[in-house]
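The next block holds one structure in the form of structure tokens; read it before the comments.
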Amino acid sequence: MTIVSGFADISLLQLLLVAAMALFASIIGGLAGYGTGALMPLVLVPLVGAEPVVPIIAISAMLTNASRALAYVRHADRRRVLVVLACAGLTTALGAYGYTRLTNAGAALVIGAMLILSVPLRRVLRRRDVRIGDAGLAAGSVGYGVLVGGTSGSGVILLSLLMAAGLEGAAVIATDAMISLGTGLIKISVFGLAGAVTAQVLALALLIGGMAVPGAFLAKAFVGRMPVRIHTAILDAAVITGGLVMISAAARQLMV
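Quick note, the sequence shown lines up with residues 123 to 378 if you use this note's numbering.
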């Protein structure tokens, strides 16, 4: 298996489309802490089908999150990184294993609806100044692990948990990136053992991940000049967009 052979059935125009979307998603992700998992399925599902999308995004996310973590490293809350990884590790592995056995269309419908509803819910909770401590973050991380292990775009749930725990702005992005590196390693290990990592998966993942590196640093230039309220609005827009994308992708799978 060679990585170059993974591009054999993909035209140059299709590769350029994937690269352009990857750069755009990386910039959005650098601003909002979220984007690749929601936007990349728009071009990947028509190109390679739904089945390899989660492994592709899981591998590419290692480069995406590594570049993002490097760009924002001084803002990361390392204590909360450890809390989430300690509680989400096992359930992430279980979720990834479940993905190799089952379709995620039904789960995507439920998660997508929940993501859309999470924006007004989070605004209500913030208005009432509802916060969670380390115990609440740990409990939420257990459920998050199942979802991030077996779905694409569920990383926004982690963003909501981190914001409820009191993080804002660049601290959300940096902490999310470091946690996602840990859960990504777990997912890739499970997918590799299950035989879901093919030459095509590796090739597309490296292309997407490579485009993410400049995107993360381009986004950083915008974040430094952006008020927290505008940054929060971008987060909300990313949550709603991700939810709609997941619902539409699931509907397409169910209609096939």
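Using N, Cα and C, we set each Cβ at its ideal position, and we do this for glycine too. Quick caveat: nothing in here was measured; it's all calculated off a predicted structure.
Sub-9 Å separation of residue i and residue j beta-carbons
i: LEU280; j: VAL175; result: no
i: ILE87; j: VAL323; result: One cannot answer for residue 87 here, as it falls past the ends of the chain, which runs 123 to 378.
i: VAL335; j: LEU164; result: no
i: ALA287; j: GLY255; result: yes
i: ALA257; j: ILE369; result: no
i: ILE114; j: LEU326; result: Because residue 114 is not part of the residues shown, which for the chain are 123 to 378, the question remains open.
i: ALA318; j: THR222; result: yes
i: THR273; j: GLY217; result: yes
i: LEU135; j: PHE129; result: no
Proximity winner among the options, relative to residue i (alpha-carbon distances)
i: ALA355; options: ILE330, MET285, ASN187, LEU259; result: MET285
i: ASN187; options: ALA359, ILE310, GLY306, SER370; result: GLY306
i: ALA371; options: LEU161, ALA198, VAL268; result: LEU161
i: PRO359; options: LEU283, GLY332, ILE238, ALA341; result: Per the sequence shown, the amino acid found at residue 359 is Ala instead of Pro. Closest by alpha carbon: ILE238.
i: ALA343; options: ALA292, ARG253, ALA208, LEU137; result: ALA292
i: GLY331; options: VAL167, LEU169, SER189; result: SER189
i: LEU259; options: ALA208, ARG374, ALA130; result: ALA208
i: SER263; options: VAL170, LEU231, LEU212; result: LEU212
i: VAL278; options: GLY365, ALA341, ARG253, ALA316; result: GLY365
i: ARG253; options: SER282, GLY265, LEU231; result: SER282
Three-way DSSP call (helix, strand, coil) for residue i in this model
i: PRO242; result: helix
i: LEU289; result: coil
i: ARG253; result: coil
i: PRO174; result: coil
i: MET162; result: coil
i: ALA316; result: coil
i: TYR221; result: helix
i: TYR194; result: coil
i: ILE132; result: coil
i: ASP358; result: helix
i: ASP199; result: coil
i: THR273; result: coil
Own chain, CB closer than 6 Å to residue i, minus 5 neighbours either side, in chain order
i: TYR219; result: VAL312
i: LEU139; result: VAL165
i: ILE352; result: none
i: PHE339; result: ALA193
i: VAL170; result: none
Neighbourhood of residue i by C-beta, 7 Å cutoff - its chain only, sequence neighbours within 5 removed
i: GLY337; result: LEU145, SER148, ILE149, GLY152
i: THR214; result: GLY267, VAL270, GLY271, THR305, ILE308, LYS309
i: MET333; result: ALA141, ALA144, LEU145, SER148
i: THR297; result: ALA198, ASP199, ARG202, VAL203, LEU284, LEU289
i: GLU173; result: none
Proximal residues to residue i (C-beta, below 8 Å), its chain only, five neighbours per side dropped
i: LEU328; result: ILE125, ILE181, SER182, LEU185
i: ALA191; result: ALA198, ALA296, ALA299, MET300, LEU303
i: VAL167; result: VAL175, ALA371, ARG374
Check: residue i C-beta below 8 Å from any heavy atom of the ligand HEM
i: LEU326; result: As for the ligand HEM, it is missing from this structure, which has no ligand bound.
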